[in-house]
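Each residue of the sequence shown is one higher than the one before, starting from 68 at the first, in this note's numbering.
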Amino acid sequence: MTEIGTITLFREKSVVHRAEELDEDEGGNAPPALVMRSNRVTIPVKTGLSTVMVVVRGQNIPGTMRMTAVVVDEVRRDPNVLKDPDAVDWDSLWRRKVSKYENDYNRANWVSVHIGGETVFMGGEGREGIAEVEALAGAEEVTEAIVMEAAANVLGALEDLMVEHDSQTAIVFTPGTAYHRAAILERRDRKTGAFSVSAYHPSPQKPVRLSHFIGFSADMAEALTHKSFLDRVQELIAENALSSTNITPALTQATRNRRRELTDQIQNFEEVNKVVYRPERPSFM
Numbered sequence: 068m069t070e071i072g073t074i075t076l077f078r079e080k081s082v083v084h085r086a087e088e089l090d091e092d093e094g095g096n097a098p099p100a101l102v103m104r105s106n107r108v109t110i111p112v113k114t115g116l117s118t119v120m121v122v123v124r125g126q127n128i129p130g131t132m133r134m135t136a137v138v139v140d141e142v143r144r145d146p147n148v149l150k151d152p153d154a155v156d157w158d159s160l161w162r163r164k165v166s167k168y169e170n171d172y173n174r175a176n177w178v179s180v181h182i183g184g185e186t187v188f189m190g191g192e193g194r195e196g197i198a199e200v201e202a203l204a205g206a207e208e209v210t211e212a213i214v215m216e217a218a219a220n221v222l223g224a225l226e227d228l229m230v231e232h233d234s235q236t237a238i239v240f241t242p243g244t245a246y247h248r249a250a251i252l253e254r255r256d257r258k259t260g261a262f263s264v265s266a267y268h269p270s271p272q273k274p275v276r277l278s279h280f281i282g283f284s285a286d287m288a289e290a291l292t293h294k295s296f297l298d299r300v301q302e303l304i305a306e307n308a309l310s311s312t313n314i315t316p317a318l319t320q321a322t323r324n325r326r327r328e329l330t331d332q333i334q335n336f337e338e339v340n341k342v343v344y345r346p347e348r349p350s351f352m
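Structure follows, in structure tokens:
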């Protein structure tokens, strides 16, 4: 029997400099030789024989979570996907998860899927170094040493590299027999807060689908991002500073529409399922 363990999303950023270029640049402003910034989700899949680590990476948190939901569904539908990932049309599954809003206003959006360190899907161009890092990390935590080796392979440098790697846990999904739970670190008003949300199973025989719960959490994360953006727009209007930005009326209206769409989806999930927030439900409007 296949079992999905605790799913964790990390915000990661790796910056690689050539020490020689830093030494030559008196102001210390030499551009990095390589920057890898993404969200990394680890999905431990327990089979009868072993635990296989599946990793999903992506440009933004909601998109990464939605692709995580896709992976969870595919693994549960047919565990053989762990051995034969090419049997899955990952590209089509990913494209179905990308909204019109993202297609219109976030063309840099991308995701990748890695099974046991092997890159099985890369939805986007220019993700230099990501596949190399995952091949070296396998099922383990990404460290500065791994980033250093990956950067050396990508850049063709055997030495003279300096690495800064930062990883922060942002979301933890805990599947359970009574309920699924997500602990979410939220950036709000340029501050950091946290809340948790649980969806209770109607019965042991009819649990809440884990992928649906992850998708619900992705909708919350995106709605909160749009709320923060729209709050900032109001601040800029009050300061008479909006004209100095590249924020257009079309973008602002599209963001309002997308947030409304997401809040409707969130409310629909709450109406169908028993959902409990701690300490309280966040405000999306």
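Here a beta-carbon is modelled for each residue, glycine too, at the ideal position from N, C-alpha and C.
Closest option to arginine 327, judged by alpha-carbon separation, among Phe351, Arg299, Ile213 and Arg194: Phe351. Taking a cut-off of 8 Å for Cβ pairs, the region 166-179 and the region 124-132 touch, as three or more such pairs fall below it. In the DSSP annotation of this structure, proline 98 is not part of any alpha helix (DSSP H), being labelled neither H nor E.
The region 258-308 is shown to contain whole beta strand (DSSP E) runs of 3 or more residues at 258-267, in chain order. Valine 230 is a Cβ neighbour of glutamate 211, given a cutoff of 8 Å.
By the Cβ neighbour-count rule, leucine 116 is exposed, with fewer than 16 other Cβ atoms within 10 Å of its own. Taking all protein chains in view, the Cβ of isoleucine 238 is crowded by 16 or more other Cβ atoms within 10 Å, so the residue is classified as buried.
Relative to the Cα of valine 108, the nearest Cα in the group His268, Val148 and Ala285 belongs to Ala285.
For phenylalanine 77, the enclosing beta strand (DSSP E) stretches over residues 74-85. If you ignore the 5 residues before and after isoleucine 197, its C-beta comes within less than 7 Å of the C-beta of Met103, Ser105, Arg124 and Ser179, all in its own chain and listed in chain order. A residue is called buried when at least 16 other Cβ atoms come within 10 angstroms of its Cβ; arginine 163 does not meet this threshold and is exposed.
Counting along the chain, the unbroken beta strand (DSSP E) around glutamate 185 starts and ends at 185-190.
Spanning the alpha carbons of glycine 184 and alanine 204 requires a straight line of approximately 7 Å. By DSSP's assignment, aspartate 233 forms a beta bridge with Lys80. Separation of alanine 217 and glutamate 199 (C-alpha to C-alpha, rounded to the nearest whole angstrom) is 5 Å. Residue nearest to isoleucine 71 within the set Glu87, Val148, Ala317 and Ile110 is Ile110 (criterion: CA-CA distance).
According to the DSSP assignment, arginine 345 belongs to the beta strand (DSSP E) that extends over 341-345.
When beta bridges are read from the DSSP output, proline 111 appears opposite Met120. According to the DSSP secondary-structure assignment, leucine 252 is paired through a beta bridge with Ala261.
Less than 8 Å divides the Cβ of threonine 244 from the Cβ of proline 271. For serine 278 and arginine 299, the gap between their C-alpha atoms comes out near 32 Å. Around proline 242, the same chain offers Ile71 and Leu277 as residues with beta carbons nearer than 7 Å, after the five sequence neighbours per side are excluded.
Looking at the DSSP output, tyrosine 168 sits in no beta bridge, so it has no partner there.
Look at isoleucine 314 here: in three-state DSSP terms it is coil, with no helix or strand label. Of Arg248, Asn335 and Leu318, the smallest CA-CA separation from tyrosine 344 is found for Arg248. Linking leucine 222 to serine 81 through their CA atoms gives a straight-line distance of about 14 Å. The three-state reading of DSSP puts asparagine 106 in strand, counting E and B together.
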